[in-house]
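Asker: Here it is, the structure, as structure tokens.
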Amino acid sequence: MSSISASIDNQPIIAADATLPVIREYRKLRNTFGTEHGGKLERGTVPMPAWLTAVEAQVSLRWAAMWAIGATILTVVAGFLLEVNWLSSASILVGAITFNVLLAAPFVRWLYPPIVQGAVFSDIAIKTTSRAMQFVYGFVPVGCICSLGYAILGSIDSDLATQRLYGAIYLVAGAAGAFFPTIASYLNGKHFPFRKELPVASVTYADADTPGPVGVWVGTATGTLSAQGHTMGLAYGSQVVLKQRDLAKNSIAIGEIGAAKTSAMIVPWTLQLMDTGASFVFIDGKGEAAGPIARAGELIGRTVKRIGIGALGLSLLHGLTPQQNTKLILDALHLTGQSGSDSGFWTSNVATLAENALGILQLEPQFYNLDALYKFIYKEVFRNERLTIANDQLAELQARVDAGDKSSDNARRSLRICIEYFEDVFSSMNEKTRNDINTTFGTVLSKFQNPELIDAFCSSAQAQARLDDLADGTIFVLDLPLSKYDIAAQFVLLFVKEAVFRLVKARGEMPQHDPRRQRMIGLIADEYQKIVSSTDADSLDVMRSLNGFVIAGTQSINAMERAIGNEATTKALLANFVNKLAFGSGDPDTMNYIADIIGEADVMRETVSKGTTVTRSFGEAGGDIAGSAMGMVFGKISIGHTENVSATLQRQKVITGQTFRQLTQTERSANAIALIKIADVAYDDVLVLPKIYFEDLMGE
């Protein structure tokens with residue numbers, strides 16, 4: 001069997017056979033790095049500012065130091081001559097400039113990593129200095145802070161700035177200087193702000209026999225973004241695990257064709273969610289997942305059922321009101337390109353036609369399906385038969401209302417509206433208008449005039465799938481290749497997506513501790529842009545609190561926007577996918593979107609300018625007569641070379657197009673930019689992810 005591996009510095013992160021052993025390896029990683037003791041993530045190290053180490057910067061700072069020394073002396077003298085105590089104390093503030101310029105490099109190298117980079121205190125830089133310098137490191141900062149307070153008091157009321165208080169400042173600062181080595185030693189190895197350190201478990205002893213709680217091991221951090229100045233980056237080698245509450249915030253993989261979205265995210269996450277007890281509908285628009293997922297289910301002990309041609313059927317309209325089904329029909333029309341001002345009139349009329357037709361068909365449950373809807377629209381005899389039955393039902397409802405049954409009045413009024421639409425409104429349209437409306441509707445309905453699709457999704461000819469079984473642990477794979485069934489497949493996938501959304505949202509009506517709402521259930525959909533709709537954000541926002549989740553894959557932000565038809569709506573939807581993995585992409589919208597989320601960082605840029613000057617002077621060229629004569633005629637030529645180096649701090653985006661180009665992959669691993677939240681804390685980095693293919697799950 002094939003080996004699955006991803007490594008950093010040639011150390012395997014996951015290496016196992018492609019059946020049950022790989023599941024055990026994932027268990028090790030989750031149970032090690034997903035626990036309280038093993039799941040502590042470290043921030044990456046942001047590079048030290050260039051001004052702390054650059055020789056050129058130190059040279060220019062010496063001049064500033066000389067001015068600072070002069071200003072210090074001047075302030076001290078002025079304070080004593082004018083007898084202004086608080087002005088004299090300001091000399092320490094001015095002297096602090098000298099301290100920072102001439103002496104602060106080791107001190108800042110000690111303070112900068114824990115404060116800015118998130119690293120621990122290290123007293124190595126301090127120990128390289130003399131005891132006198134260590135005294136200064138304690139004395140000057142404390143004296144500076146105390147003097148600032150003293151100067152503020154003096155400016156408010158000079159009586160408060162007494163000589164005794166001024167002397168106390170020096171005593172406190174002197175004590176800080178004397179005890180600074182002790183303080184540095186105490187802080188060595190500690191974080192700021194201070195927190196309790198948890199022991200990190202060892203992967204060697206991790207439990208591989210039990211799945212553990214719901215979660216997925218994602219991959220290994222490279223520390224790339226931290227090295228580029230991003231303060232929310234991860235430390236090199238960090239293991240990223242998403243737990244149940246993190247997965248409930250929804251996740252999306254974005255990347256061009258062949259960028260490893262499926263093999264590096266969709267398949268590994270699917271396998272781990274099966275192992276940890278989550279239930280889901282896997283929407284397989286490629287026709288390659290049903291067998292492998294069923295095989296994995298056998299190994300793990302999970303029930304996997306296939307929905308599709310020759311398998312379980314699913315009556316698409318069942319359980320939905322005419323209004324709900326009409327909304328989905330409009331979504332399907334939008335996915336086929338029926339949107340915009342040019343087609344708005346026709347889609348609006350299709351919506352009215354569909355809603356009224358379904359309002360009549362629901363009177364006979366055996367005809368409440370897409371096949372009967374097609375016949376109702378295009379077969380006059382069938383339509384007249386249904387209208388006759390509807391009129392009989394209307395008469396019966398009218399009789400009930402006349403007899404005093406007020407509960408039947410709403411049904412009577414709704415049915416009358418449906419009948420009158422066909423008898424008065426639709427029939428009064430000219431033939432061309434009716435034909436155009438029917439043609440627009442036919443872009444969806446005609447695709448279902450396929451015996452296989454009719455049996456699977458428009459009737460009860462096949463045994464029906466019960467999506468309610470998700471709550472009991474059943475996993476469903478919707479197996480319907482888009483390449484074969486085209487728009488009809490999109491329509492089915494769209495309906496099933498909405499069915500899962502409704503199922504999760506219905507949990508909101510259950511008691512909080514009802515066992516049926518405890519299991520995590522959701523949707524896994526590759527090529528999400530094929531089934532997306534503008535109202536998905538409303539469902540995703542609600543599902544999070546009901547133990548629901550969505551894991552999606554899409555080719556680009558541009559593809560999502562084309563499917564939805566509105567940039568603002570697309571961005572609002574993507575905001576509900578809190579966890580984002582961006583694989584290789586050449587789409588500018590995708591690159592800019594990810595770059596904007598991660599933001600900018602301070603980057604030190606060095607500029608080198610070089611020049612050459614040539615000077616010719618006429619005069620004496622030498623000490624003798626001949627030399628002087630030559631100087632008068634040809635002159636004296638001098639050549640000078642100059643080179644200036646300047647460093648400037650600039651703000652620039654952490655992620656660029658070049659970053660995406662550098663997201664490489666091998667046969668068994670891929671890189672992706674991860675924007676994730678773990679326990680409501682944001683972490684970003686380039687991760688190494690192992691690749692698992694569907695065929696790997698089948699074994700030899």
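Heads up: the sequence shown is residues 1 to 700, going by UniProt numbering. Glycine included, every Cβ here is placed at the ideal spot set by N, Cα and C. Model, not experiment: these values are computed from the prediction.
Measuring CA to CA, which of Ala525, Ile475 and Tyr166 is closest to Ala294?
Answerer: Position 294 of the sequence shown, counting from 1, holds the residue named residue 294. Nearest option by C-alpha distance: Ile475.
Asker: Quick one: measure Cβ to Cβ for Ile307 and Leu478, integer angstroms, because I've assumed they're closer than 8 Å.
Answerer: In the sequence shown, counting from the first residue as 1, residue 307 sits at position 307. In the sequence shown, counting from the first residue as 1, residue 478 sits at position 478. With 8 Å as the limit, Ile307 and Leu478 qualify as a contact, their Cβ atoms being about 5 Å apart.
Asker: Express the C-alpha separation of Met265 and Asp405 in angstroms, rounding to a whole number.
Answerer: Looking up residue 405 in the sequence shown gives position 405. Looking up residue 265 in the sequence shown gives position 265. So the alpha carbons of these two residues sit roughly 58 Å apart.
Asker: Do Val686 and Asn671 count as a contact pair if the criterion is CB distance below 7 Å?
Answerer: Counting from 1 along the sequence shown, the entry for residue 671 is found at position 671. Counting from 1 along the sequence shown, the entry for residue 686 is found at position 686. For the pair Asn671 and Val686, the CB atoms are nearer than the 7 Å cut-off.
Asker: Exposed or buried, which one is Asp514 when buried takes at least 16 other CB atoms within 10 Å?
Answerer: Walking along the sequence shown from the start, residue 514 turns up at place 514. Per the 10 Å Cβ criterion, exposed.
Asker: Can you check which of these residues, Phe583, Thr664 and Ile676, is closest to Gly255 by C-alpha distance?
Answerer: Residue 255 sits at position 255 when you count from the first residue of the sequence shown. Here the closest residue by C-alpha is Phe583.
Asker: So which of Leu361, Ser556 and Ile524 has the shortest CA-CA distance to residue 705?
Answerer: A query on residue 705 cannot be resolved here, the shown segment of the chain reaching from 1 to 700 and no further.
Asker: Check whether the stretch 267–282 touches the stretch 514–531, taking contact to mean three or more Cβ pairs, one atom from each stretch, closer than 8 Å.
Answerer: yes
Asker: Looking only at C-alpha atoms, which of Glu423, Ala332 and Leu697 sits nearest to Ala563?
Answerer: Indexing the sequence shown from 1 puts residue 563 at position 563. Ala563 has its Cα closest to that of Ala332, out of Glu423, Ala332 and Leu697.
Asker: Enumerate in chain order the residues of its own chain whose CB-to-CB distance from Gly174 is below 7 Å, with the five nearest sequence positions on each side excluded.
Answerer: Counted from its first residue, the sequence shown places residue 174 at position 174. Counting only Cβ-Cβ distances below 7 Å, and skipping sequence neighbours, we find Phe139.
Asker: Please classify Ala471: is it buried, with 16 or more other beta-carbons within 10 angstroms of its beta-carbon, or exposed?
Answerer: Taking the first residue of the sequence shown as 1, we reach residue 471 at position 471. It is buried - the Cβ of Ala471 has at least 16 other Cβ atoms within 10 Å.
Asker: Does the distance from the CB of Gln518 to the CB of Met560 come in under 7 Å?
Answerer: Sequence index remark: in the sequence shown, residue 518 carries index 518 (1-based). Sequence index remark: in the sequence shown, residue 560 carries index 560 (1-based). Cβ distance not < 7 Å, so Gln518 and Met560 don't count as in contact.
Asker: Helix, strand or coil for Ala403 per DSSP?
Answerer: For this step, residue 403 is matched to residue 403 along the sequence shown. Ala403: coil per DSSP, three-state reduction.
Asker: Taking the straight line between their C-alpha atoms, what separation do you get for Gln398 and Asn410?
Answerer: Within the sequence shown, numbered from 1, the residue matching residue 398 stands at position 398. Within the sequence shown, numbered from 1, the residue matching residue 410 stands at position 410. Roughly 11 Å separates the two Cα atoms.
Asker: Quick one: residues in its chain with C-beta nearer than 6 Å to the C-beta of Ser122, no 5 flanking neighbours on either side, listed in chain order?
Answerer: On the sequence shown, position 122 is the one that residue 122 refers to. By the criterion of a C-beta distance shorter than 6 Å, Ser122 is surrounded by no residue of its chain, once the five residues flanking it on both sides are discounted.
Asker: Using DSSP with H/G/I as helix, E/B as strand and the rest coil, what is Val77?
Answerer: Your numbering for residue 77 matches position 77 in the sequence shown. DSSP places Val77 in helix when its eight states are reduced to three.
Asker: Where do the ends of the alpha helix (DSSP H) carrying Arg507 lie?
Answerer: Position 507 of the sequence shown, counted from the first residue, corresponds to residue 507. Taken as a continuous stretch (DSSP letters only), Arg507 belongs to no alpha helix (DSSP H), as it is neither H nor E.
Asker: Just mark Ile152 as buried or exposed, buried being the case when its beta carbon has 16 or more other beta carbons within 10 Å.
Answerer: Position 152 of the sequence shown, counting from 1, holds the residue named residue 152. Exposed: under 16 other Cβ atoms inside 10 Å.
Asker: For the stretch 437–455 and the stretch 478–492, state whether three or more C-beta atom pairs, one from each stretch, are separated by less than 8 Å.
Answerer: yes
Asker: Beta strand (DSSP E) containing Phe422: first to last residue?
Answerer: Locating residue 422 in the sequence shown gives position 422, where the first residue counts as 1. Premise fails: Phe422 is in no beta strand (DSSP E) and is neither H nor E.
Asker: Say whether the stretch 660–671 touches the stretch 225–235, bearing in mind that this needs 3 or more beta-carbon pairs closer than 8 Å, one atom from each stretch.
Answerer: no
Asker: Please state the DSSP three-state secondary structure of residue 702.
Answerer: What is shown of the chain runs 1 to 700, which leaves residue 702 out entirely.
Asker: Could you tell me the alpha carbon to alpha carbon distance between Glu298 and Ile678, rounded to whole angstroms?
Answerer: By one-based count along the sequence shown, residue 298 stands at place 298. By one-based count along the sequence shown, residue 678 stands at place 678. If you take the alpha carbons of Glu298 and Ile678, they lie about 31 Å apart.
Asker: Exposed or buried, what is Asp680 when buried is set at 16 or more other beta-carbons lying within 10 Å of its beta-carbon?
Answerer: Your numbering for residue 680 matches position 680 in the sequence shown. With fewer than 16 Cβ atoms within 10 Å of its Cβ, Asp680 is classed as exposed.
Asker: I'd like the list of long-range same chain contacts for Ala595, defined as Cβ closer than 6 Å, with 5 residues on each side in sequence excluded.
Answerer: By one-based count along the sequence shown, residue 595 stands at place 595. Taken in chain order, the residues that qualify are Lys653 and Ile655.
Asker: Considering only the alpha carbon of each residue, which of Glu380, Ala456, Val350 and Pro365 lies closest to Thr433?
Answerer: The residue labelled residue 433 in the question sits at position 433 within the sequence shown. The shortest C-alpha separation from Thr433 is found at Val350.
Asker: So who's on the other strand from Phe476, going by DSSP bridges?
Answerer: Position 476 of the sequence shown, counting from 1, holds the residue named residue 476. Looking at the DSSP assignment, Phe476 forms a beta bridge with Val281 and Lys305.
Asker: Would Lys261 and Gly553 qualify as a contact pair, given that the criterion is a beta-carbon distance under 7 Å?
Answerer: Position 261 of the sequence shown, counting from 1, holds the residue named residue 261. Position 553 of the sequence shown, counting from 1, holds the residue named residue 553. It is a contact, given that the beta carbons lie within the stated cut-off.
Asker: Apart from the five residues on each side of it in sequence, which residues of its chain come closer than 6 Å, Cβ to Cβ, to Ala253?
Answerer: Residue mapping note: residue 253 aligns to position 253 of the sequence shown, counting from 1. Same-chain partners within the cutoff: Lys261, Met265, Gly553 and Leu581.
Asker: Taking 7 Å as the threshold (C-beta atoms), are Gly277 and residue 724 in contact?
Answerer: Residue 724 lies beyond the stretch modelled for the chain, which goes from 1 to 700, so this question has no answer here.
Asker: Start and end of the alpha helix (DSSP H) containing residue 724?
Answerer: An answer regarding residue 724 cannot be provided, because it is not within the stretch 1 to 700 covered by the chain.
Asker: Can you check which of these residues, Phe180, Ser251 and Ala296, is closest to Phe549 by C-alpha distance?
Answerer: Sequence index remark: in the sequence shown, residue 549 carries index 549 (1-based). Nearest of Phe180, Ser251 and Ala296 to Phe549, Cα basis: Ser251.
Asker: Between the stretch 528–547 and the stretch 568–580, are three or more C-beta pairs nearer than 8 Å?
Answerer: yes
Asker: Tell me the residue span of the beta strand (DSSP E) that contains Gln366.
Answerer: As a working note, residue 366 is residue 366 in the sequence shown. If you look at Gln366, you'll find it isn't in any beta strand (DSSP E); DSSP assigns it neither H nor E.
Asker: Contact defined as beta carbons within less than 8 Å: I believe Ala208 pairs with Lys28. What is the distance between those atoms, to the nearest angstrom?
Answerer: Counted from its first residue, the sequence shown places residue 208 at position 208. Counted from its first residue, the sequence shown places residue 28 at position 28. Contact holds; Cβ gap of about 5 Å.
Asker: Might you give, ordered along the chain, the residues of its own chain that have their beta carbon closer than 8 Å to the beta carbon of Arg131, omitting 5 neighbours on each side?
Answerer: The residue labelled residue 131 in the question sits at position 131 within the sequence shown. Around Arg131: Pro181.
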